[in-house]
Amino acid sequence: MPNLNDIWSHISSAFAGNHQDKAKKPKLYDFDLSGNAYKIRLLLNILGVDYAKQNVNLLKKEQKAAHYLKLNAFGEVPVFEDGDLRLRDSLAILIYVAGKYDLARSWWPVDAASQGLVSQWLATAGHELKSASDARIAKVANYDLDLPKLQDRAKALFNIIDAHLHGRDWLELGRPTIADIAVFPYTALAEDGGISLEPYPNLRAWIERVKGLPGFIPLPGR
Ligand SMILES: N[C@@H](CCC(=O)N[C@@H](CS)C(=O)NCC(=O)O)C(=O)O
């Protein structure tokens with residue numbers, strides 16, 4: 001049977017380890033105007049996570065510099081570091097941050113059915129919603145993209161989301177989850193891409209609901 005000194009030494013070294021973890025802040029490689037990085041800032045702020053920010057100036061192409069490509073071979077923000085873990089991709093980072101820092105597991109639920117429901121929207125944010133973010137860069141930054149086609153695709157998606165939100169406050173589970181965080185930025189920014197949100201009343205009401213969340217921070221300049 002271990003003696004009291006052994007037990008105490010075990011407890012104090014475990015405490016020291018925890019304390020050290022807490023002392024090292026997670027780090028977000030960020031760019032203010034990036035909607036994908038904003039998703040992470042938004043969730044971190046809502047959850048009250050203390051973190052450090054490293055600016056990666058996309059306008060100066062810092063995301064393609066050799067030292068940054070070592071962090072993320074895709075040459076994109078966001079990247080998130082927490083202890084020894086390094087993650088790329090906003091949706092993967094949302095899952096990690098919500099899974100680790102939301103102890104109630106409300107934002108990224110534990111059960112398989114709820115994870116499936118939420119993940120549908122993570123996939124939508126990474127795929128169909130790209131039409132709206134591409135329309136934005138086509139219009140704002142003059143990228144050589146087929147703007148009318150992108151706008152049509154985004155409008156078709158907003159029709160679907162608007163119908164889905166009929167009678168619902170949140171995308172799934174009757175409460176805010178990372179599904180809402182993932183879909184929010186490029187939906188709220190759609191008008192930058194010349195896509196009016198006027199025809200989608202449920203979508204507009206949902207945007208206002210997200211803006212009312214405790215800990216909400218706006219996109220820069222909004
Ligand atoms: N699938 C990635 C996409 C990330 C992404 O497209 N990031 C943009 C900023 S919003 C970027 O870094 N673009 C710079 C480039 O492609 O050179 C995610 O969800 O994080």
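Under full-length UniProt numbering, the sequence shown has 135 at position 135, and the numbering climbs by one with no breaks. The beta-carbon is built from N, C-alpha and C at its ideal position, and this holds for glycine as well. Please read all numbers here as calculations on a predicted model, not as lab measurements.
{"Item": "Is the CB-CB distance between residue 71 and residue 29 below 8 angstroms?", "Value": "yes"}
{"Item": "Give every residue of the same chain whose Cβ lies closer than 8 angstroms to the Cβ of residue 217, excluding the five residues on either side of it in the sequence, and list them in chain order.", "Value": "41, 42, 45"}
{"Item": "Leaving out five residues before and five after residue 107 in sequence, what residues of the same chain have Cβ atoms less than 6 angstroms from its Cβ?", "Value": "98, 177, 178"}
{"Item": "Can you find a heavy atom of ligand 1 that lies under 7 angstroms from the Cβ of residue 36?", "Value": "yes"}
{"Item": "Looking only at its chain, what residues have a beta carbon closer than 7 angstroms to the beta carbon of residue 114, apart from the 5 residues adjacent to it on each side?", "Value": "173"}
{"Item": "Compute the distance between the beta-carbons of residue 96 and residue 47, then report whether it is under 8 angstroms.", "Value": "no"}
{"Item": "Grab the span of the alpha helix (DSSP H) containing residue 165 for me, first residue to last.", "Value": "Element bounds for residue 165: n/a, residue is neither H nor E."}
{"Item": "Can residue 52 and residue 27 be called in contact, C-beta distance under 8 angstroms?", "Value": "yes"}
{"Item": "Three or more C-beta pairs closer than 8 angstroms, one from the segment 116-133 and one from the segment 152-162: is that the case here?", "Value": "yes"}
{"Item": "Between which residues of its own chain and residue 153 is the CB-CB distance below 6 angstroms, once the five residues before and five after are set aside?", "Value": "131"}
{"Item": "With the cut-off set at 8 angstroms, would you say residue 74 and residue 55 are in Cβ contact?", "Value": "no"}
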